[in-house]
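This report concerns only the one structure given below.
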Amino acid sequence: MAAKTRRYSARDMAVLVIGLGVAIVVNVGVIWGPALASIGLSGTDWSGIGPIEWVGGQNYHDLAAEYPPFWSAVRNNVLWLGFLALVATPFGLFCAVLLDRRLRLSRFYQSALYMPVVLSLAVVGFIAQLVYSSDYGVLNSVTGLSVDWLGDSSVNIWVVMVAAAWRHVGYVMVIYLAGLKAVDPALKEAAAIDGASERQAFFRVVFPTLRPVNVIVLVITVIEALRAFDIVYAINRGRNGLELLSVLVTENIVGEASRIGFGSAIAVILLAISVGFIATYLSQMFREER
1 MAAKTRRYSA
11 RDMAVLVIGL
21 GVAIVVNVGV
31 IWGPALASIG
41 LSGTDWSGIG
51 PIEWVGGQNY
61 HDLAAEYPPF
71 WSAVRNNVLW
81 LGFLALVATP
91 FGLFCAVLLD
101 RRLRLSRFYQ
111 SALYMPVVLS
121 LAVVGFIAQL
131 VYSSDYGVLN
141 SVTGLSVDWL
151 GDSSVNIWVV
161 MVAAAWRHVG
171 YVMVIYLAGL
181 KAVDPALKEA
191 AAIDGASERQ
201 AFFRVVFPTL
211 RPVNVIVLVI
221 TVIEALRAFD
231 IVYAINRGRN
241 GLELLSVLVT
251 ENIVGEASRI
261 GFGSAIAVIL
271 LAISVGFIAT
281 YLSQMFREER
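Take the sequence shown: its position 179, counting from 1, is numbered 179 in the UniProt record's numbering, and each next residue is one higher.
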């Protein structure tokens with residue numbers, strides 16, 4: 001018997017077209033449109049006013065050869081990514097493992113660790129000023145030191161990364177905690193019966209089952225490291241040792257220089273790096289579905 005084909009009414013079709021149409025228009029207008037425009041503008045010399053002059057790859061050459069803040073920003077972004085991936089993320093996993101054991105007051109600890117996540121990075125930047133300021137900072141007042149934590153270009157990037165990690169740890173903790181709750185308890189029981197210690201059971205049984213969560217956390221960590229902007233801009237506008245690629249994009253596009261083509265080239269580099277990790281995440285998700 002042939003399956004009956006459902007016919008949509010005119011009202012259903014109108015709702016479907018409007019719903020998809022709005023989503024497509026917003027997606028193209030807010031995401032793909034600006035992205036494609038940035039790619040096109042990255043090969044031009046345009047100040048936002050007057051004719052657009054095509055220069056090809058000159059902007060990328062100037063970035064690498066004649067723009068010192070670019071390499072400082074690349075170094076800081078790499079440090080940012082490494083610190084979040086190798087320090088903050090493992091610590092978030094460690095907190096999730098502890099909370100998964102249902103410790104006493106675990107709800108309180110979970111709320112306390114997650115609280116920074118609800119704060120924007122700009123607010124975290126203002127809090128960092130209260131902690132690290134050389135004049136009125138809590139850190140110098142408590143320790144009796146007189147270090148210019150935010151003004152010294154050899155130190156400020158590290159203390160700011162600590163402040164950013166404070167927020168990142170709570171985010172990672174919640175994601176891993178959800179993943180740990182989904183692990184079949186029978187796996188842990190089987191490992192215990194086989195004589196495995198808690199550490200062996202975690203690294204050889206539990207952690208491998210968290211592979212999809214690990215991919216998600218990796219992508220989130222990369223995106224957080226690349227789009228970091230608010231916290232350094234709130235502290236000193238991303239200068240004097242706190243240069244980041246996202247700050248350079250803003251300075252060149254909406255700053256006094258108004259070098260839209262040059263700033264778009266930096267934005268394209270950020271886009272290319274992000275797309276690489278996002279493509280890895282999507283391929284992993286499609287592989288899991290198959």
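For every residue, glycine included, the Cβ atom is placed at its ideal position computed from N, Cα and C.
Source: prediction; values computed, not measured.
Exercise. Would you list the residues sitting across from E53 in a DSSP beta bridge?
Key: D45
Quiz item: Taking just the CA atoms, how far does N59 sit from L36?
Solution: 17 Å
Self-check item: M13 classed as buried or exposed, judged by whether at least 16 other C-beta atoms fall within 10 angstroms
Solution: exposed
Self-check item: Nearest to W166 (by Cα), restricted to the options L150, Y8, M115
Solution: Cα-wise, what sits closest to W166 is M115.
Quiz item: Okay, do the region 206–222 and the region 235–246 touch, 3+ Cβ pairs below 8 Å being the bar?
Solution: The region 206–222 vs the region 235–246: no contact.
Practice problem: Name the two residues that bound the continuous alpha helix (DSSP H) containing E205. | Solution: Sequence inspection shows Val at residue 205; the Glu mentioned does not correspond to that position. Careful: V205 lies outside any alpha helix (DSSP H) and carries neither H nor E.
Quiz item: So, helix, strand or coil for E243, using DSSP?
Solution: coil
Quiz item: Thinking C-beta only, is I260 closer than 9 Å to S120?
Solution: no
Quiz item: Using 8 Å as the Cβ pair cut-off and three pairs as the minimum, do the region 95–106 and the region 165–183 touch?
Solution: Flag = yes, the region 95–106 and the region 165–183 touch.
Quiz item: Mind checking if R107 is an interface residue toward chain B, Cβ cutoff 9 Å exclusive?
Solution: Any reference to chain B falls outside this structure, which holds one protein chain only.
Exercise. Decide if A228 is buried, meaning its Cβ has at least 16 other Cβ atoms within 10 Å, or exposed.
Key: buried
Self-check item: Proximal residues to M1 (C-beta, below 7 Å), its chain only, five neighbours per side dropped
Solution: Residue placement at M1 is poorly supported in this model, since its pLDDT is 46, which falls under 50; the coordinates are not used for a value here.
Quiz prompt | Proximity winner among G33, G56, G50, relative to T44 (alpha-carbon distances) | solution = Across the set G33, G56, G50, the C-alpha of G56 shows the shortest separation from the C-alpha of T44.
Quiz item: So, helix, strand or coil for R287, using DSSP?
Solution: helix
Quiz item: Going by Cα to Cα distance, which pick from Y171, S133, V138, G144 is closest to V155?
Solution: S133
Practice problem: Would you kindly work out how many angstroms separate the C-alpha atoms of W80 and L16, rounded to a whole number? | Solution: Distance from the CA of W80 to the CA of L16, rounded to the nearest whole angstrom, comes to 43 Å.
Quiz item: Can you check whether the CB of I24 is closer than 9 Å to the CB of S258?
Solution: In this structure, S258 keeps its C-beta atom at 9 Å or more from the C-beta atom of I24.
Self-check item: Entirely enclosed alpha helix (DSSP H) segments - the region 55–93, minimum 4 residues
Solution: 58–66, 68–83
Quiz item: Which one of T143, M173, A163 has the shortest CA to CA distance from residue 303?
Solution: Residue 303 is absent from the structure shown; the chain starts at 1 and stops at 290.
Quiz prompt | Inter-residue Cα distance where the pair is K188 and A201 | solution = 7 Å
Quiz item: Who are the near neighbours of A267 in its chain, counting only those whose CB is closer than 7 Å to its CB and skipping five residues on each side?
Solution: Excluding positions up to five away in sequence, the list reads S38, V249.
Practice problem: Give every residue of the same chain whose Cβ lies closer than 8 Å to the Cβ of Y233, excluding the five residues on either side of it in the sequence, and list them in chain order. | Solution: A122, G125, V247, T250
Exercise. List the endpoints of the continuous alpha helix (DSSP H) containing M173.
Key: Taken as a continuous stretch (DSSP letters only), the alpha helix (DSSP H) holding M173 covers 156–181.
Quiz item: Taking the C-alpha atoms as reference points, what is the distance between S72 and D184?
Solution: 46 Å
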